[in-house]
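**Q**
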Amino acid sequence: MIDLRTLRENPDLVRASQRARGEDPSLVDSLLSADERRRSSVSRADSMRAEQKRLGKLVGAASGDERTALLAKAKELAAEVKTAESDQHAADAELVEAHRRIPNLVEDGAPHGGEDDYVVLKHVGKPREFDFTPRDHLELGEGLGAIDMERGAKVSGSRFYFLTGVGAQLQIALLSMAAQQAAAAGFTLMITPSLVRPEIMEGTGFLGAHDSEVYRLRDDDLYLVGTSEVPLAGYHSDEILDLSAGPRRYAGWSTCYRREAGSYGKDTRGIIRVHQFDKVEMFSYCPPEQAHDEHLRLLAWEEEMLSKVELPYRVIDTAAGDLGSSAARKYDCEAWLPSQQSYREVTSTSNCTTFQARRLNVRLRTEDGRTQVAATLNGTLATMRWIVAILENHQEADGSVRIPDALRPFLGGKDRLVPVT
RNA sequence: GGAAGCGUGGCAGAGCGGCCGAAUGCAUCCGCCUUGAAAGCGGAAGACCCGCGAGGGUCCGGGGGUUCAAAUCCCUCCGCUUCCGCCA
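Adding 4 to a residue's 1-based position in the first sequence gives its number in our numbering.
1) Answer yes if the stretch 298 to 308 comes into contact with the stretch 266 to 281, meaning at least three C-beta pairs across the two stretches below 8 Å, and no otherwise.
2) Which two residues bound the contiguous alpha helix (DSSP H) that contains residue 310?
3) Would you decide whether residue 147 is buried or exposed? Buried here means 16 or more other CB atoms lie within 10 Å of its CB.
4) Taking only runs of the alpha helix (DSSP H) that begin and end inside the stretch 225 to 260, which ones reach a length of at least 4 residues, in chain order?
5) Using DSSP's beta-bridge definition, name the partner residues of residue 355.
6) Determine which residues share a DSSP beta bridge with residue 321 and list them.
7) Taking residue 171 and residue 315 to be in contact with their CB atoms under 8 Å, please state how far apart those CB atoms are, rounded to whole angstroms.
8) May I ask which residues mark the beginning and end of the alpha helix (DSSP H) holding residue 284?
9) Just how far apart, CA to CA, sit residue 131 and residue 205?
10) Around the C-beta of residue 322, are 16 or more other C-beta atoms found within 10 angstroms, so that it is buried, or is it exposed?
11) For residue 204, which of helix, strand or coil comes out of DSSP?
12) Who are the Cβ neighbours of residue 144 in its own chain at under 6 Å, not counting the five residues just before and after it?
13) Check whether the Cβ atoms of residue 230 and residue 260 lie closer than 9 Å to each other.
14) Using a Cβ-Cβ cut-off of 8 Å (strictly less than) and excluding sequence neighbours within five positions of residue 310, which residues of its own chain qualify?
15) If the criterion is Cβ atoms closer than 9 Å, does the pair residue 153 and residue 274 meet it?
16) Could you check whether the Cβ of residue 27 sits closer than 8 Å to any heavy atom belonging to the ligand ADP?
17) Residue range of the alpha helix (DSSP H) that residue 5 falls in?
18) According to DSSP, residue 340 sits in a beta bridge with which residue or residues?
19) Any chance the stretch 275 to 293 sits against the stretch 70 to 87, with 3 or more Cβ pairs inside 8 Å?
20) Do the stretch 98 to 117 and the stretch 20 to 39 touch if we need at least three Cβ pairs shorter than 8 Å?
21) Tell me the DSSP bridge mates of residue 166?
22) Which of the three DSSP states is assigned to residue 181 in this structure?
23) Between the beta-carbon of residue 353 and the beta-carbon of residue 289, is there less than 9 Å?
24) Across which residues does DSSP place residue 142 in a beta bridge pair?
25) What residue from 64, 35, 32, 287 has the CA that sits closest to residue 196's CA?
26) Three or more C-beta pairs under 8 Å: does that hold for the stretch 324 to 337 against the stretch 113 to 120?
27) What does the alpha-carbon distance come out to for the pair residue 139 and residue 246?
28) Since residue 4 is in the beta strand (DSSP E), which residue starts that stretch and which ends it?
29) Throw me the rounded Cβ distance for the residue 112 and residue 42 pair, which I believe falls under 8 Å.
30) What do you get for residue 382, buried or exposed, if any count of 16 or more other CB atoms within 10 angstroms of its CB means buried?
31) Can you tell me whether DSSP reads residue 53 as helix, strand or coil?
32) Considering only the alpha carbon of each residue, which of 59, 214, 244 lies closest to residue 361?
33) Could you spell out where the beta strand (DSSP E) holding residue 368 opens and where it closes?
34) Taking 8 Å as the limit between beta carbons, can you name the residues of its chain near residue 36, skipping five residues before and five after?
35) Tell me the residue span of the alpha helix (DSSP H) that contains residue 394.
36) According to the Cβ coordinates, are residue 175 and residue 391 closer than 9 Å?
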């Protein structure tokens with residue numbers, strides 16, 4: 005949820021943000037009037053309650069005729085208070101409704117426009133020249149005995165898979181390397197719940213435009229998380245944190261579940277787009293004024309991981325219209341995929357500023373003892389999708405795959421994967 | 001799955017339907033004392049909303065109800081604990 009104070013003081017800022025996203029700026033005016041209505045109904049109910057309280061005390065002290073008279077009057081007032089309170093509740097609900105409809109304020113500098121209006125910030129490494137026709141990750145993975153899609157589909161349906169043998173080892177190695185890097189950088193490593201309550205899913209902003217992406221367990225009123233960002237954002241909900249020593253950083257290792265509802269026919273081959281995958285995710289709680297710098301640090305840690313696995317990649321600044329509702333700014337790292345002759349997203353880091361934390365009620369204590377809403381940020385350290393890029397970029401003509409140096413210690417020193425057939 | 005109990009401020013823990021935003025202890029902060037500290041003594045200190053302010057209001061797990069008046073009574077949901085059963 006956006007800051008209502010900003011809205012009142014500078015509605016044009018919010019309108020401009022809406023336009024940058026390609027969303028309706030008139031929602032700003034609905035929110036403004038809902039805010040106005042709520043405030044007037046609150047103060048009306050407040051003063052009536054004050055009067056009722058005063059009368060109630062008199063009743064307690066009085067006796068005889070005086071008491072009878074007061075009681076009658078108090079009874080009348082009680083009914084009026086009840087009306088005023090239900091007005092207030094209605095105004096509250098309206099405000100929340102209007103408030104929810106507005107996504108986070110876009111950070112100054114983010115490109116305007118939609119999905120295709122991203123700005124490429126830089127390229128790192130060069131796509132490799134092959135002197136043979138490169139195979140795609142699935143062909144390689146099957147040759148290595150690393151990926152079994154057929155049986156994944158047999159057991160669970162489309163977009164499911166088994167990682168087998170060296171495939172499973174490769175994933176564990178990759179994620180372990182990510183976990184180790186995170187721990188070394190001062191992150192607290194977390195194994196998180198995969199199922200969360202509705203208010204947590206709601207609070208992280210995934211039940212808005214993206215609710216069809218989310219698996220829901222109706223019998224238990226729980227949601228399967230699509231990223232450990234969700235439980236990590238909920239971790240400190242309703243808390244007041246001490247961030248005087250700087251941002252509090254967590255690295256969540258979890259399985260992620262996504263329905264991929266709107267992507268029929270997209271990336272149907274292999275494990276690029278699947279319903280279930282594992283990921284190590286960075287999550288940071290930080291003072292709002294430090295969020296911008298923290299965002300760049302998260303990006304730097306992502307790039308450190310990418311350099312360790314020796315992948316050519318580019319960094320893009322996502323356009324406003326392609327940000328999630330919670331994000332103010334988002335940078336994606338995209339690795340080169342030889343089989344597709346294109347760059348594909350392998351990491352994504354978002355600065356959610358105070359938007360998520362306001363919903364989840366995560367605050368911090370300022371130096372002068374006041375409270376303030378915290379900022380939250382997240383970023384990918386590694387996911388199973390990286391395996392796609394690693395296999396394709398480091399393949400040899402014979403179908404074997406070179407293991408990048410940094411990853412070898414996590415694979416028992418193995419320097420290459422060789423075909424089983 | 002069955003049974004019982006519990007949910008109060010950072011923690012622990014009282015609380016007769018009105019005098020309770022709430023005793024008390026610990027922790028915290030500020031003084032005094034001390035060369036410094038500890039102990040001791042004195043004092044301060046919750047969160048949120050409305051308001052320029054004075055001030056007012058809300059919050060005793062969430063929601064609803066009874067009542068002139070609810071932390072206190074009733075209903076409901078959520079969470080936790082213990083016991084039994086079942087399965088690891």
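Ideal placement from N, C-alpha and C gives every residue a C-beta, glycine not left out.
**A** Checking against the coordinates, here is how it stands:
1) no
2) One-based indexing of the first sequence puts residue 310 at position 306. That run of the alpha helix (DSSP H) goes 295 to 312.
3) Against the first sequence, residue 147 aligns to sequence position 143. Classification of residue 147: buried, given that the 10 Å Cβ count is 16 or more.
4) 233 to 239
5) The residue you call residue 355 lines up with position 351 of the first sequence. Answer is 333, 381, bridged to residue 355.
6) Numbered from its first residue, the first sequence carries residue 321 at position 317. 123, 335, per the DSSP bridge assignment.
7) As a first step, residue 171 is located in the first sequence; it is residue number 167 there, counting from the start. As a first step, residue 315 is located in the first sequence; it is residue number 311 there, counting from the start. Contact between residue 171 and residue 315 is absent: CB atoms are separated by about 18 Å, not below the 8 Å threshold.
8) What you label residue 284 is simply residue 280 of the first sequence in a count that begins at 1. Unbroken run through residue 284 is the beta strand (DSSP E), 280 to 290; no alpha helix (DSSP H).
9) To locate residue 131, count along the first sequence from 1; it is residue 127. To locate residue 205, count along the first sequence from 1; it is residue 201. Cα to Cα, the separation comes out at about 39 Å.
10) Position 318 of the first sequence, counted from the first residue, corresponds to residue 322. In the assembly as shown, residue 322 is a buried residue. Its beta-carbon has 16 or more other beta-carbons within 10 Å.
11) Here residue 204 refers to the residue found at position 200 of the first sequence. It is helical.
12) By one-based count along the first sequence, residue 144 stands at place 140. Result list for residue 144: 395, 399, in chain order.
13) Counting from one through the first sequence, the residue named residue 230 turns up at place 226. Counting from one through the first sequence, the residue named residue 260 turns up at place 256. Yes, they are a contact pair.
14) If you number the first sequence from 1, residue 310 lands on position 306. 128, 317, 337, 339, 350, 351.
15) Looking up residue 153 in the first sequence gives position 149. Looking up residue 274 in the first sequence gives position 270. With contacts defined as CB atoms closer than 9 Å, residue 153 and residue 274 qualify as a contacting pair.
16) The ligand ADP is absent from the structure shown, which contains no ligands of any kind.
17) Stepping through the first sequence from its first residue, residue 5 is reached at position 1. Counting along the chain, residue 5 falls outside any alpha helix (DSSP H), and DSSP gives it neither H nor E.
18) Residue 340 sits at position 336 when you count from the first residue of the first sequence. According to DSSP, which records beta bridges pairwise, residue 340 is partnered with 347.
19) no
20) yes
21) Position 162 of the first sequence, counting from 1, holds the residue named residue 166. Per DSSP, 152.
22) The sequence position of residue 181 within the first sequence is 177, counting from 1. Residue state, collapsed to three classes: helix.
23) Position 349 of the first sequence, counting from 1, holds the residue named residue 353. Position 285 of the first sequence, counting from 1, holds the residue named residue 289. Not closer than 9 Å, so no.
24) Position 138 of the first sequence holds residue 142. Partner(s): none; residue 142 has no beta bridge.
25) Working through the first sequence from its first residue, we reach residue 196 at position 192. For the residues 64, 35, 32, 287, the minimum Cα distance to residue 196 belongs to 287.
26) yes
27) In the first sequence, the residue the question calls residue 139 occupies position 135. In the first sequence, the residue the question calls residue 246 occupies position 242. Taking the straight line from one Cα to the other gives about 51 Å.
28) Residue 4 lies beyond the range of the chain shown here (5 to 425); nothing can be said about it.
29) As a working mapping, residue 112 is identified with position 108 in the first sequence. As a working mapping, residue 42 is identified with position 38 in the first sequence. That belief does not hold up - the Cβ atoms of residue 112 and residue 42 are roughly 29 Å apart, past 8 Å.
30) Your numbering for residue 382 matches position 378 in the first sequence. Under this definition residue 382 is a buried residue.
31) The residue labelled residue 53 in the question sits at position 49 within the first sequence. Here residue 53 sits in helix by DSSP.
32) Taking the first sequence and counting its residues from 1, one reaches residue 361 at position 357. Cα-wise, what sits closest to residue 361 is 244.
33) Walking along the first sequence from the start, residue 368 turns up at place 364. Element bounds for residue 368: 366 to 369.
34) Counting from one through the first sequence, the residue named residue 36 turns up at place 32. Within the same chain, residue 36 has close Cβ partners 11, 12, 15.
35) Here residue 394 refers to the residue found at position 390 when the first sequence is read from its first residue. 389 to 397 is the extent of the alpha helix (DSSP H) around residue 394.
36) Numbered from its first residue, the first sequence carries residue 175 at position 171. Numbered from its first residue, the first sequence carries residue 391 at position 387. Yes, the Cβ-Cβ distance between residue 175 and residue 391 is below 9 Å.
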